[in-house]
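A.B. asks:
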Amino acid sequence: MTLANNVVVLDFETTGLSPDMGDRAIEIGAVKLVDGQVVDSFQALINPGQRVNSFIEQYTGISNQMLKDAPRSNVVMGQFTEFIAGFNLVAHNASFDKKFLDAEFSANKLSYSGQFACSLLLSRRISQEAPNHKLGTLIQHHQLANDGVFHRALADATMTANLWLHQVSLLQQRLPTQQITLDIINKISRLPKAKIANFFQTIK
DNA sequence: TGCCAGGCCCTCTTTAGGGCCTT
Numbered sequence: 001m002t003l004a005n006n007v008v009v010l011d012f013e014t015t016g017l018s019p020d021m022g023d024r025a026i027e028i029g030a031v032k033l034v035d036g037q038v039v040d041s042f043q044a045l046i047n048p049g050q051r052v053n054s055f056i057e058q059y060t061g062i063s064n065q066m067l068k069d070a071p072r073s074n075v076v077m078g079q080f081t082e083f084i085a086g087f088n089l090v091a092h093n094a095s096f097d098k099k100f101l102d103a104e105f106s107a108n109k110l111s112y113s114g115q116f117a118c119s120l121l122l123s124r125r126i127s128q129e130a131p132n133h134k135l136g137t138l139i140q141h142h143q144l145a146n147d148g149v150f151h152r153a154l155a156d157a158t159m160t161a162n163l164w165l166h167q168v169s170l171l172q173q174r175l176p177t178q179q180i181t182l183d184i185i186n187k188i189s190r191l192p193k194a195k196i197a198n199f200f201q202t203i204k
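Following the UniProt record's numbering, the numbering of the first sequence begins with 1 at its first residue and continues without gaps.
1. Roughly how many angstroms lie between the CA atoms of Ala4 and Arg190, to the nearest whole one?
2. For Phe55, count neighbouring Cβ atoms within 10 angstroms of its own Cβ and tell me buried if that reaches 16, exposed if not.
3. If you reduce the DSSP assignment to three classes, tell me which class Lys109 lands in.
4. With a threshold of 8 Å, are at least 3 pairs of Cβ atoms found where one atom belongs to the region 110-123 and the other to the region 35-44?
5. Is it buried or exposed, Ile180, if we count other Cβ atoms within 10 angstroms and call 16 or more buried?
6. With which residues is Glu27 paired in a DSSP beta bridge?
7. Using only CA atoms, which one of Gly136, Asp40 and Met77 lies nearest to Lys109?
8. Hey, quick one: how far does the beta strand (DSSP E) through Asn186 stretch, first residue to last?
9. Just to check my reading of the structure: Glu13 and His133 have Cβ atoms closer than 8 Å, yes? What is that Cβ distance to the nearest angstrom?
10. Can you check whether the CB of Ala70 is closer than 8 Å to the CB of Leu45?
11. Please work out which residues of its chain come closer than 6 Å, Cβ to Cβ, to Asp23, disregarding the five sequence neighbours upstream and downstream, and give them in chain order.
12. Please look up how many angstroms separate the CB atoms of Ala25 and Glu104, rounded, as I've assumed it's under 8 Å.
13. Let me check understanding here. Comparing Cα to Cα, which of Asp40, Ser41, Gln65 and Phe42 lies closest to Val52?
14. I need the straight-line Cα distance from Trp164 to Ala153, nearest angstrom please.
Next up, the structure:
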């Protein structure tokens, strides 16, 4: 059983939306949570071996000049393997970050054993009052700390970690006698919305 | 050659379409 406040929260910046279409990671950021406290962080630019288009340069603030002398994926992912060893993983829209993590790990013959959880799927279940479920909107909606930096990997991972811990505390309030585990969160994240209220009644 | 993401989720659904999220 893994408690939900012992995880690594990660975020990728990439050249585009799809590794299957040749897109690559250009930055990874992550924070390690132990007992709900940030105990370590990871940030690295990654030279993707291809030019980044102007949209991505503008969107992330990461320029081709910045990536020119950055380490390659094999170096960064090797270090990141050690960073996440023994931890489960959280990301906002985790399916996106998981497919890039899997692609970069596969390209470098690396592997990991942690399971993923998704703050976006959870938000759609437990924060249905939010105007939408974009990371920036949810940070504002829940009045969570941020440094005003968006679309950089460590800043987004840190904001996602703040959101995640807030979500865990919301769940703990609704389920005061339950230990909030990753398994419970992943179960909630897959429930049809119509069954959410009933779930909280029966499990409490 | 020319095309180009994809998983989740809702609904005017399941013989489908379209919005939401991520870069």
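Where is the CB? At the ideal position from N, CA and C, for every residue including glycine.
C.D. replies: The relevant details are as follows:
1. 16 Å
2. exposed
3. coil
4. no
5. Result: buried.
6. Glu13 and Leu45
7. Met77
8. Premise fails: Asn186 lies in the alpha helix (DSSP H), Leu182 to Ser189, not in any beta strand (DSSP E).
9. In fact, because the Cβ distance is near 20 Å, the residues do not count as touching under 8 Å.
10. The Cβ-Cβ distance between Leu45 and Ala70 falls below 8 Å.
11. Taken in chain order, the residues that qualify are Thr14, Thr15 and Gly16.
12. 5 Å
13. Gln65
14. 16 Å
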